[in-house]
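Trainee:
In this note's numbering, the protein residues as written are 34 to 577.
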């Protein structure tokens with residue numbers, strides 16, 4: 034889904050001084066690696082100033098559908114208004130509803146060299162790539178080459194993280210449902226060679242274990258890289274080639290590729306930052322490490338993404354009638370959730386790479402999405418209602434539109450008749466808030482292998498929790514030279530939390546307004562608060 038968390042870079046994303054709630058500003062190098070697979074994020078962009086400065090986008094019909102037919106006309110209006118308000122030069126949307134297909138492009142691919150966006154324009158899709166990794170793995174499961182509940186070491190005999198027990202016991206399924214338990218935000222770049230993924234997985238031997246395998250949900254990009262390496266070893270070919278052979282090519286996804294070399298001649302949506310309320314082309318946003326391909330490497334079009342939805346909502350056959358997966362395997366991917374929690378929204382848990390999201394009415398939402406600098410996308414399905422929605426955008430401002438369509442109830446209620454679980458923030462007493470106060474610490478590894486820390490101090494304030502987050506980059510680490518070209522000093526931002534039920538909360542802007550995303554606090558065996566799970570990441574609690 035809105036897969037996660039575009040941390041604002043120290044010299045890149047300048048739309049908001051404080052960055053997204055719960056995510057202070059990482060180094061520029063951290064930004065360009067972090068978004069590889071973040072499943073869900075919320076960035077608070079300025080609205081009034083942005084709307085005043087942004088050029089109004091022109092809508093270009095890129096596919097089928099009656100533009101005057103409600104609710105599609107309402108969807109068009111919402112997207113156009115958001116593009117204007119949030120400085121999004123180009124977007125594409127696809128809808129499946131009761132067998133009817135709607136595909137449309139809006140705006141332009143590039144503010145400096147404007148070309149209309151259509152249904153075949155390609156964007157980076159970020160973490161929705163994970164669902165291609167999961168589907169490829171399920172093809173291997175059906176062939177008898179992989180067992181989901183087998184230990185990873187059956188296929189990668191030398192696999193190791195820092196904890197010996199986890200190294201030996203973690204299963205393939207736990208990689209795919211984000212319950213492997215080790216530090217998941219590892220974004221190291223091992224170059225463009227065919228050995229990039231193997232080298233990445235070998236480097237994971239230093240990753241600390243946060244929770245026991247299978248015990249807790251925590252978004253884990255590194256685990257998906259391990260899954261990609263299993264695909265390589267089992268098939269005897271590079272990960273990208275295996276996914277093309279087993280999934281992409283049989284489905285006729287002709288505008289879905291991993292390499293920039295393979296999209297020459299395509300209509301490509303360029304990446305844009307938002308600076309002083311205006312979309313600004315930033316070519317440095319586009320490149321991505323090959324070592325992160327299984328967790329966020331795909332480039333695709335909205336028409337291909339809609340075909341992806343049709344396959345997963347259908348009977349598992351390719352357009353020519355060839356069966357790729359059984360209905361049972363498709364259903365297994367979106368059932369048997371692992372541990373639940375929050376990832377921007379509340380989750381029943383993850384299936385095989387799909388976020389499984391409850392609704393107030395009962396039907397389950399099956400979702401993913403992705404973020405990469407300047408490339409924000411969303412993807413969801415409601416199988417019980419025959420509905421799918423996918424959105425691709427080419428601007429940092431796309432996070433706001435994605436949240437409005439994929440996190441909030443607007444599209445779900447209009448197209449599928451379902452809504453989120455209710456969440457009304459309430460003021461709590463100091464005594465009730467006291468167990469949640471304290472320092473929370475999370476870590477990540479940037480593309481050069483340096484560790485960055487996020488330290489959040491939460492205190493009681495007016496019936497809610499208010500805090501500051503400090504991010505310490507490489508310059509703050511003992512023994513690391515402080516004159517690196519992108520070394521950063523400690524940076525701070527404000528965060529806020531308002532509870533709506535025990536241990537579950539709405540994220541707040543610095544001035545106390547809900548931003549629409551949710552987080553939760555996780556208790557240990559002793560009943561005390563052990564973690565704050567914010568944007569799917571675990572922050573360890575150090576009580577005051």
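A virtual CB, placed ideally from N, CA and C, is assigned to each residue, including glycine.
Starting from residue 463, trace the alpha helix (DSSP H) in both directions and tell me its first and last residue.
Mentor: 463 to 466
Trainee: Thinking C-beta only, is residue 207 closer than 9 Å to residue 256?
Mentor: yes
Trainee: For the segment 413 to 493, list the beta strand (DSSP E) runs that are entirely contained and at least 3 residues long, ordered along the chain.
Mentor: 420 to 426 and 471 to 478
Trainee: Grab the span of the alpha helix (DSSP H) containing residue 236 for me, first residue to last.
Mentor: 229 to 236
Trainee: Alpha carbon to alpha carbon, how far is residue 483 from residue 520? Give it in angstroms, no decimals.
Mentor: Annotation note: pLDDT 33 at residue 520 (below 50); position unreliable, coordinate value reported separately. So the alpha carbons of these two residues sit roughly 11 Å apart.
Trainee: With DSSP as the reference, label residue 363 as helix, strand or coil.
Mentor: helix
Trainee: Would you call residue 139 buried or exposed, if buried means 16 or more other Cβ atoms sit within 10 Å of its Cβ?
Mentor: buried
Trainee: Compare the beta carbon distance of residue 569 and residue 407 with 9 Å and say whether it is the shorter of the two.
Mentor: no
Trainee: Under the assumption that residue 530 contacts residue 540 (Cβ atoms under 8 Å), give the Cβ distance between them as a whole number of angstroms.
Mentor: That pair is a contact at about 7 Å.
Trainee: From 486, 495 and 431, pick the residue whose C-alpha is nearest to that of residue 504; which is it?
Mentor: For residue 504, the nearest C-alpha among the options comes from 486.
Trainee: Is the segment 403 to 419 touching the segment 272 to 288, taking contact as three or more C-beta pairs under 8 Å?
Mentor: no
Trainee: With H, G and I counted as helix, E and B as strand and the rest as coil, what does DSSP make of residue 249?
Mentor: In this structure, residue 249 counts as coil in the three-state DSSP scheme.
Trainee: In whole angstroms, what separates the C-alpha of residue 122 from that of residue 307?
Mentor: Those two C-alpha atoms are separated by around 10 Å.
Trainee: Taking the alpha helix (DSSP H) that residue 341 belongs to, which residues open and close that run?
Mentor: 335 to 346
Trainee: Taking just the CA atoms, how far does residue 535 sit from residue 581?
Mentor: Since the first residue of the chain shown is 34 and the last is 577, residue 581 is not available in this structure.
Trainee: Please report the straight-line C-alpha distance between residue 187 and residue 259, rounded to a whole angstrom.
Mentor: Straight across, the Cα-Cα distance linking residue 187 with residue 259 is about 13 Å.
Trainee: So, helix, strand or coil for residue 209, using DSSP?
Mentor: helix
Trainee: Here's a check: name, in chain order, each residue in its chain whose Cβ is nearer than 7 Å to the Cβ of residue 533, leaving out the five neighbours to either side.
Mentor: 456, 457, 458, 459 and 539
Trainee: State the CB to CB distance for the pair residue 253 and residue 155, rounded to an integer number of angstroms; the pair is presumed to be in contact (CB under 8 Å).
Mentor: Between residue 155 and residue 253 the Cβ distance is about 27 Å, and since that is not below 8 Å, they are no contact.
Trainee: Report the CB separation of residue 262 from residue 230 in whole angstroms; it is logged as a contact under 8 Å.
Mentor: Cβ atoms of residue 262 and residue 230 come within 8 Å of each other, at about 5 Å.
Trainee: Let me know the beta strand (DSSP E) ranges lying completely inside the segment 243 to 318, each 3 residues or longer, listed in chain order.
Mentor: DSSP runs (the beta strand (DSSP E)) wholly in the segment 243 to 318: 305 to 308 and 311 to 314.
Trainee: Regarding residue 336 and the ligand SAM, is the C-beta to nearest heavy atom distance less than 8 Å?
Mentor: As presented, the structure is devoid of all ligands, the ligand SAM included, so that no description of it is given.
Trainee: My output table needs one value for residue 357: the three-state DSSP class, helix, strand or coil.
Mentor: coil
Trainee: On the DSSP bridge list, what partners appear for residue 142?
Mentor: Looking at the DSSP assignment, residue 142 forms no beta bridge with any residue, so it has no partner.
Trainee: DSSP three-state label for residue 397, please.
Mentor: coil
Trainee: Is it buried or exposed, residue 103, if we count other Cβ atoms within 10 angstroms and call 16 or more buried?
Mentor: exposed
Trainee: Return the CA-CA distance between residue 109 and residue 124, expressed in angstroms with no decimal places.
Mentor: Between residue 109 and residue 124, the C-alpha separation is close to 11 Å.
Trainee: Run through the DSSP bridge pairs and tell me what residue 327 is partnered with.
Mentor: BP columns for residue 327 are empty, so no partner.
Trainee: Within a Cβ cutoff of 8 Å, which residues of the same chain sit near residue 316, ignoring the five residues on either side of it in sequence?
Mentor: Result list for residue 316: 303 and 304, in chain order.
Trainee: Can you tell which of 134, 190 and 548 has its C-alpha closest to the C-alpha of residue 448?
Mentor: Residue 448 has its Cα closest to that of 134, out of 134, 190 and 548.
Trainee: How would you call residue 248, buried or exposed, if buried means at least 16 neighbouring beta carbons within 10 angstroms?
Mentor: Exposed: under 16 other Cβ atoms inside 10 Å.
Trainee: Helix, strand or coil, according to DSSP, for residue 190 in the structure here?
Mentor: Coil, per DSSP.
Trainee: Taking the beta strand (DSSP E) that residue 202 falls in, what are its first and last residues?
Mentor: Here residue 202 belongs to no beta strand (DSSP E); instead the alpha helix (DSSP H) covers 197 to 202.
Trainee: Based on Cα-Cα distance, which residue from 312, 474, 158 and 336 lies nearest to residue 430?
Mentor: 312
Trainee: Comparing alpha-carbon positions, which option in 341, 294 and 338 lies nearest residue 321?
Mentor: 294
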